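So the structure is just underneath, and the comments pick up after that.
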Amino acid sequence: MKKKKQYAPSLILGLVITGVMLLMILVGFVYTPYDITKMDSTAKLAAPSLAHPMGCDNFGRDIFSRVLKGMGNTFVIASATVAIGTVSGVIIGAFTGYFGGWLDEVLMRVNDVVFAFPSILLALVFVSLFGTGKYNVIAALGIAFIPSFARIVRGEFIKYREMDYVRSARLAGVPQLRIIFVHILPNTMPVLASSVMIGFNNAVLAEAGMSYLGIGVQPPSASLGSMLSESQTYLFSAPWYAVFPGLMIILMVLGLSLLADRGAR
Amino acid sequence: MAKRGQKFGKVLFAGMLLTLTVALGGCSGDKAAGDSTQIADTSAANSSEVESATNTEANASSEETKDTEEGGSHITIGIPQDLDSLVPSLSQGAGTQEILYNIYEGLYKPDSEGNLVPAVASDYTMSEDGLVYTFTLRDGIKFHNGNPVTVEDVKYSIETCAGLNGGEPVISAFSNIESVETPDDGTVVITLKESSSPFMAILSTVEAAIVPADADDLQTNPVGTGPYRFVSRSLQENVVLERFDDYWGEPAHIKDITLKVLADSDSIVMNLEGGAVDLVARVSTQQAAELGDDFEVLEGTMNLVQAMYLNNAAAPFDNEKVRQALCYAVNKQEILDFVSEGKGTPVGSSMFPAFGKYYVEELNDLYTTDLEKAKSLLAEAGYPDGFSFTMKVPSNYQQHVDTAQVVAEQLKQINVTANIELIEWETWLNDVYQGRDFEATLVGVDASTLTAGAMLSRFRSDAHNNFVNFSNEEYDAAYKEALAAEAVMDDEAATAAYKKCETILAETAANVYIQDMCELVAVRKGYTGYTFYPLYIQDFSKLDVQ
């Protein structure tokens, strides 16, 4: 029913970039060339060299090592955020979309309220109430991400709930939960998958933004956002400090965007 | 007190908007580089800092300005936030008060040596028992509105600050004032309930400035007696000042001053390089390094004690050996090298060099870095494998955050893990300073007057602002001794007792003392006369154009 599958350059590019990024993240979990908090007064703001491929920061810490670890932190936070958003969003969206009625009205209005705030603003409020740190940021962003997933899933369920195969299943006495999760949910996968990827991208940017504001990962740990934040003072004297973490954010987002883009077609 | 929070809020909000609009491309704040945490003693706590900038219109016109005779000279001072109040007794931030210093004067005022010199009063005598102060009003002194200063104005101003006109005392130390009398047209007599040697110092702060008794609204139309008078103000934009030609003392050199609000610290270098601003006080070493040949960077000190303050009541810091171990593990010089290119003055107790006779320099060398000794002290204290603790650091002070990271790294060498938790300034005030809910924190503590008590009174075990819960009988006794000596005006004995207090703080390792941070002032070449004060003061009247 579709034209013959062909591998577009953008898909290959997306795969390559994402693959390299994932590889770096995996490496970062088990190995970094230097201890990421090891300070070296002789290498303060050192330019990229063979010993330090991305240069050093203002404490003489190796930026490459910190980027590897920072990508891992950013990745973990973004993944956890999307996981919270997806799971909660699917459950809320599925029930409200399938059953409708007052539950739908109430939850969706609440959803609208939450949705009305920019996710970063919402997360800021959360963090100011419960404090900073990695796990609070995950919780804050996760909650902020629920409405968009709930909305998408609900839309899909509304579309499917009146379809003939669902009606037949209902007539045949299939339990509601089974209809929801076994009959309908798999059909929402294509839409859900691409929104997960887009959501992941947004989460990467949101995490970077939160850490950039100093409320995400706490120093001396690193995330891509916190590195960007720390680097801005040295933008002119040591541009590599800002360029490499920034580049990694761009590549992470670009790679997944290309994949999501192909996946949606 | 809210000022700092507001400022941080603004930075946060601005940063947020930035993030939302341009994702991550932008470059907002070197948050508060060049800032230092201020805990002034009389004004309870917060104060915002001011980075002054002097400015002529642009590069080209600055040449022109220099050529004109002194009478027509103009200067623009950049400040990182608007003034929180133009009424001296209501002003909160040190960043506001250091500007008001140029508009208002008290009966006496501090000079650049830290001495108290006559201002609105020309002289004073004190009774033998230290209870009655008799001030002679300066002859012919005038307010900015041209009216002569009368003893009634003085009485009104002091009584307002002391809460004698109804209401709470604005300056808590002034609740000690029994009465203010005006026996004749040139004399004011202030009677105290108890003798107090820091009284004159507190009387000299800008909060205790003399204002006209008939002033209807100082907030919109400030009238004082200082070398500069208020002209106009545009909220969050600028404040314009003009030389007061009827000033009683040595007149200021530069005629016009515009205080320009530069809320974004990233814009400081741009403003300087672009010629919009000629002088900025308290730039960071990095900002100073980015400046070109047109500028001179003057180096002074911030006049505060930066330290890792430890909650002496919370385990494991209730153990003296643990605190000493931390002192042995921290390398002050290395911190200076990492954070401020080696600039700054290491200190060993709660006292900084500007205090002169009270400052005990030898205490700096009490703990020379010795990791073996630190480890053995930890073992003796029952922590042979180290421990971990949380260090709360106000996130808007980049220099403290940087220092905290270096300290954390140094402590790793003795297996002590310091987990840094960045918190907002307001949270810091609430939780750490007032709530005393912390294990360790890294900030700077400054003094509002050059009286030893301004630094040392907080460490008495029952002091209301003893946020580190330091409790030491010997210290309390020594401090009492100092007060007793002051009451009978025995300066030598008082100084000796204060020095003993400092020594006790150092020997019992009340806190991990680090440094008095360096203050860098960027001045465009051609401008002269910037004067460092041992207190939080920017004196514009000494500035000059060559």
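In order, the protein sequence lines correspond to chains S and A.
Counting in the numbering used here, the first sequence runs from 1 upward without gaps.
Counting in the numbering used here, the second sequence runs from 1 upward without gaps.
No residue lacks a Cβ here, since even glycine has one placed at the ideal position from N, Cα and C.
Since the structure is predicted, the reported quantities are computational estimates derived from the model, not experimental observations.
- Restricted to the segment 97–153 of chain A, the beta strand (DSSP E) segments that are unbroken, complete and at least 3 residues in length are 108–110, 116–118, 121–126, 132–137, listed in chain order.
- Judged by DSSP in its simplified three-state form, T182/A adopts strand.
- Residues of the segment 205–232 of chain S with a C-beta atom less than 8 Å from some C-beta of chain A are L205, A208, G209, Y212, L213, G214, I215, Q218, P219, P220, G225, L228, Q232, listed in chain order.
- The CB of F389/A never comes closer than 9 Å to any CB in chain S; the least such distance is about 14 Å.
- Contact between L505/A and S350/A holds: their C-beta atoms lie close to 5 Å from each other, under 8 Å.
- Across the set A260/S, M252/S, D104/S, the C-alpha of M252/S shows the shortest separation from the C-alpha of G19/S.
- Shown in chain order are the members of the segment 415–436 of chain A whose Cβ falls below 9 Å from a Cβ of chain S: N419, I420, E421, L422, I423, E424, T427.
- L192/A and A307/A have their C-alpha atoms roughly 36 Å apart.
- Beyond the five residues adjoining it in sequence on each side, S88/S comes within less than 6 Å, by CB distance, of I146 in the same chain, given in chain order.
- In the same chain as G386/A, and ignoring 5 residues on each side of it, the C-beta atoms closer than 8 Å to its own belong to L378, I414, N415, V416, T417, in chain order.
- If you draw a straight line from the Cα of E290/A to the Cα of S237/S, it comes to about 7 Å.
- Comparing alpha-carbon positions, the option among D112/S, L177/S, V114/S, F64/S lying closest to M248/S turns out to be F64/S.
- Assignment of E334/A by DSSP, reduced to helix, strand and coil, places it in the helix class.
- Contacts with chain S (Cβ-Cβ distance below 8 Å) from the segment 392–412 of chain A involve S395, Q398, V401, D402, A404, Q405, V406, A408, E409, K412, listed in chain order.
- Identification of residues in the segment 332–356 of chain A having a C-beta nearer than 8 Å to some C-beta of chain S yields E334, D337, F338, given in sequence order.
- Chain A places a beta carbon closer than 9 Å to that of K38/S, counting this residue as a contact.
- Of all residues in the segment 270–292 of chain A, those with a C-beta nearer than 9 Å to a C-beta of chain S are S284, Q286, Q287, A289, E290, reading in chain order.
- In the displayed model, H400/A falls within a helix according to three-state DSSP.
- In the three-state reduction of the DSSP assignment, E156/S falls in the helix class, which pools H, G and I.
- Nearest in C-alpha terms to E519/A, of all of V468/A, T301/A, A478/A, I420/A, is T301/A.
- Counting only the Cα atoms, V330/A lies some 6 Å from Q410/A.
- The beta-bridge partner set that DSSP reports for M391/A consists of I420/A, A440/A.
- By the neighbour-count criterion, in which a residue is buried when 16 or more other Cβ atoms sit within 10 angstroms of its Cβ, Y31/S is exposed.
- Listed by position along chain A, the residues whose Cβ is nearer than 8 Å to that of T32/S form an empty set, because the closest Cβ is around 16 Å away.
- Listed by position along chain A, the residues whose Cβ is nearer than 7 Å to that of Y234/S are Q286.
- When DSSP states are grouped into helix, strand and coil, M308/A belongs to the strand group.
- The beta carbon of K44/S falls within 9 Å of a beta carbon belonging to chain A, placing the residue at that interface.
- For a Cβ distance threshold of 7 Å, nothing in chain A lies close to F75/S: the least Cβ distance comes to about 16 Å.
- A residue is called buried once 16 or more other Cβ atoms fall within 10 Å of its Cβ, and W425/A is buried on that count.
- For the segment 124–153 of chain S, residues whose beta-carbon sits nearer than 9 Å to a beta-carbon of chain A comprise L124, S128, G131, T132, G133.
- Under DSSP, S234/A shares a beta bridge with N238/A.
- The bridge partners DSSP lists for T258/A are T76/A, V240/A.
- Counting only the Cα atoms, G142/S lies some 11 Å from S148/S.
- When the alpha-carbon of Y104/A is set against those of E320/A, V154/A, S195/A, V393/A, the nearest one is in V154/A.
- Contacts between S237/S and chain A, judged by CB atoms closer than 9 Å, involve Q286, A289, E290 in chain order.
- G300/A has E519/A as its beta-bridge partners, per DSSP.
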